[in-house]
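Chemist:
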Amino acid sequence: GHMGRWLKHEPYKQFAEAPDGYDTKWGFHEPSSLCATDPRSIGLVNELLDELISYFSSDQINVGCDETDVGMVRTKELCKEKGTGRVYLDFLLKIYANVEKHGKVMQFWGDIIKAYPELIPELPENIIAMVWGYEPDHPFNTECPDAELVIPEIRHAADLVLFACNILEARLAAKDGEVKNIPAEQRKQLAKSLKKLIKEHESIWLKRNRIGGLSDSSGKMDELLKMLESNIIK
1 GHMGRWLKHE PYKQFAEAPD GYDTKWGFHE PSSLCATDPR SIGLVNELLD
51 ELISYFSSDQ INVGCDETDV GMVRTKELCK EKGTGRVYLD FLLKIYANVE
101 KHGKVMQFWG DIIKAYPELI PELPENIIAM VWGYEPDHPF NTECPDAELV
151 IPEIRHAADL VLFACNILEA RLAAKDGEVK NIPAEQRKQL AKSLKKLIKE
201 HESIWLKRNR IGGLSDSSGK MDELLKMLES NIIK
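Quick note: the sequence shown, position 231, residue 231 per the UniProt record's numbering, numbers continuous.
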């Protein structure tokens, strides 16, 4: 799904499930999904993965595969014969094989496979299905019992990234790029922000983990704080 920016161009349009689009109850739907049974589709996906994966350090990669139009045009008859879920899963597993070859853990959006619970046991153990809810009455409390913890974790991660950007900017402007050469007042403000982040990190860590490992997890931040506070009159 969501390959429309590729499939609207003539060289790739022929790979689409619905090259000429199709009508839905919401209106006309432009080509947006690869045809799961066209060998050129998996060829394109594998080519993109081979080209891009090496540029990312994460050990996980999200390949999308959500909101597809499998079974709407080119695979319509095959889906009647084998089932839409089966056609989808067969294509998904082809992508998985290449991701695994690169030593990565594959994430994918689980909205399609969730509609075919009988096929879920066929998913590899080390694959991650990402599930979300479309509507306000979605059973988030049942499916995401730790949501109240996930939200501050995400916010904390964003705050860490922002701090990293701020200190990088300060170091780029400092002599030799060293922390000790950042102006004292600026280091003082950075230290204040980092103290708050360390406190939040400790709180979040203890809600998700045992205390063991906390010192290792926050150790680098503690070292940086000492560098920032060095020779600062408080």
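All C-beta atoms, glycine included, are put in the ideal place defined by N, C-alpha and C.
As the structure is a prediction and not an experimental result, all values here were calculated from the model.
My guess is that Pro19 and Pro31 are in contact by the Cβ rule of under 8 Å, so how many angstroms apart are they, rounded?
Modeler: Within the sequence shown, numbered from 1, the residue matching residue 19 stands at position 19. Within the sequence shown, numbered from 1, the residue matching residue 31 stands at position 31. Confirmed, about 6 Å.
Chemist: Just to confirm, does Met106 get its C-beta within under 7 Å of one of the non-hydrogen atoms of the ligand ZN?
Modeler: Annotation note on the ligand ZN: not contained in the displayed structure, which lists no ligands.
Chemist: May I ask you to list the residues that DSSP assigns as paired with Leu34?
Modeler: Position 34 of the sequence shown, counted from the start, is the residue given in the question as residue 34. DSSP, once it has assigned bridges, lists Ala16 as partnering Leu34.
Chemist: Considering only their Cβ atoms, is the gap separating Thr24 from Val87 smaller than 8 Å?
Modeler: Within the sequence shown, the letter at position 87 stands for residue 87. Within the sequence shown, the letter at position 24 stands for residue 24. It is not a contact, given that the beta carbons lie outside the stated cut-off.
Chemist: Thinking just about the alpha-carbon of each residue, which of Gly71, Thr75, Gly1 and His102 is nearest to the one in Glu51?
Modeler: Start at 1 with the first residue of the sequence shown, and residue 51 comes out as number 51. Cα-wise, what sits closest to Glu51 is His102.
Chemist: For Met106, name the three-state secondary structure that DSSP assigns.
Modeler: Within the sequence shown, residue 106 is the residue found at index 106, counting from 1. Strand at Met106.
Chemist: So, at 8 Å on beta carbons, what are the nonlocal neighbours of Ser218 in its own chain, with the 5 sequence-adjacent residues on each side left out?
Modeler: For this step, residue 218 is matched to residue 218 along the sequence shown. Result list for Ser218: Ile198, His201, Glu202 and Trp205, in chain order.
Chemist: For Lys94, I'd like the list of residues in its chain whose CB is within less than 6 Å of its CB, leaving aside the five on either flank, ordered along the chain.
Modeler: Numbered from its first residue, the sequence shown carries residue 94 at position 94. Closer than 6 Å at Cβ, skipping near neighbours: Ile42.
Chemist: By how many angstroms is the C-alpha of Met72 removed from the C-alpha of Phe28?
Modeler: Locating residue 28 in the sequence shown gives position 28, counting from the first residue. Locating residue 72 in the sequence shown gives position 72, counting from the first residue. Going by the C-alpha atoms only, they are around 13 Å apart.
Chemist: Looking at the unbroken alpha helix (DSSP H) that takes in Tyr22, where does it start and where does it end?
Modeler: Taking the sequence shown and counting its residues from 1, the one referred to as residue 22 is at position 22. Per DSSP, Tyr22 belongs to no alpha helix (DSSP H); it is in the beta strand (DSSP E), Tyr22 to Thr24.
Chemist: Find out if the Cβ-Cβ distance for the pair Cys79, Gly1 is shorter than 8 Å.
Modeler: As a position in the sequence shown, residue 79 is number 79, starting the count at 1. As a position in the sequence shown, residue 1 is number 1, starting the count at 1. The answer is no: Cβ separation not under 8 Å.
Chemist: Quick check on Asn46: does DSSP put it in helix, strand or coil?
Modeler: Position 46 of the sequence shown, counting from 1, holds the residue named residue 46. Helix, per DSSP.
Chemist: Which same chain residues end up closer than 8 Å to Glu143 when comparing Cβ atoms and leaving out the 5 residues on each side of it in sequence?
Modeler: Stepping through the sequence shown from its first residue, residue 143 is reached at position 143. For Glu143, where only same-chain residues beyond five positions count, the Cβ hits under 8 Å are Val131 and Gly133.
Chemist: At the level of alpha carbons, what is the spacing between residue 276 and Leu162?
Modeler: As displayed, the chain neither begins before 1 nor continues past 234, which places residue 276 out of reach and without an answer.
Chemist: What residue range is occupied by the uninterrupted alpha helix (DSSP H) comprising Ala184?
Modeler: The sequence position of residue 184 within the sequence shown is 184, counting from 1. Taken as a continuous stretch (DSSP letters only), the alpha helix (DSSP H) holding Ala184 covers Ala184 to Arg208.
Chemist: Using the three-state DSSP reduction, which class does Met130 fall into: helix, strand or coil?
Modeler: Walking along the sequence shown from the start, residue 130 turns up at place 130. Here Met130 sits in strand by DSSP.
Chemist: How is the beta strand (DSSP E) around Gly27 delimited, first residue to last?
Modeler: Working through the sequence shown from its first residue, we reach residue 27 at position 27. It spans Gly27 to His29 - the beta strand (DSSP E) in which Gly27 sits, taken as one unbroken run.
Chemist: Applying the 10 Å Cβ sphere with the 16-neighbour rule, what's the burial state of Glu17?
Modeler: For this step, residue 17 is matched to residue 17 along the sequence shown. Its Cβ being crowded by 16 or more others within 10 Å, Glu17 is buried.
Chemist: Quick one: measure Cβ to Cβ for Phe15 and Arg40, integer angstroms, because I've assumed they're closer than 8 Å.
Modeler: On the sequence shown, residue 15 is found 15 positions in, with the first residue counted as 1. On the sequence shown, residue 40 is found 40 positions in, with the first residue counted as 1. Correct: roughly 5 Å between the Cβ atoms.
Chemist: On the three-state DSSP scale, how would you describe Ile211?
Modeler: To locate residue 211, count along the sequence shown from 1; it is residue 211. Coil, per DSSP.
Chemist: Three-state secondary structure (DSSP) at Ile61?
Modeler: On the sequence shown, position 61 is the one that residue 61 refers to. Residue state, collapsed to three classes: strand.
Chemist: Straight-line CA distance for Glu182 to Leu194?
Modeler: Counted from its first residue, the sequence shown places residue 182 at position 182. Counted from its first residue, the sequence shown places residue 194 at position 194. Checking the sequence, you will find Ile at residue 182 rather than Glu. Straight-line Cα distance between these residues: approximately 15 Å.
Chemist: Where Ser58 and Glu67 are concerned, what is the direct C-alpha to C-alpha distance, given to the nearest angstrom?
Modeler: Locating residue 58 in the sequence shown gives position 58, where the first residue counts as 1. Locating residue 67 in the sequence shown gives position 67, where the first residue counts as 1. Answer to the nearest angstrom: the Cα atoms are 25 Å apart.
Chemist: Rounded to the nearest angstrom, what separates Arg171 and Leu228 at their Cα positions?
Modeler: The count along the sequence shown starts at 1 and reaches residue 171 at position 171. The count along the sequence shown starts at 1 and reaches residue 228 at position 228. Each residue's alpha carbon lies about 11 Å from the other.
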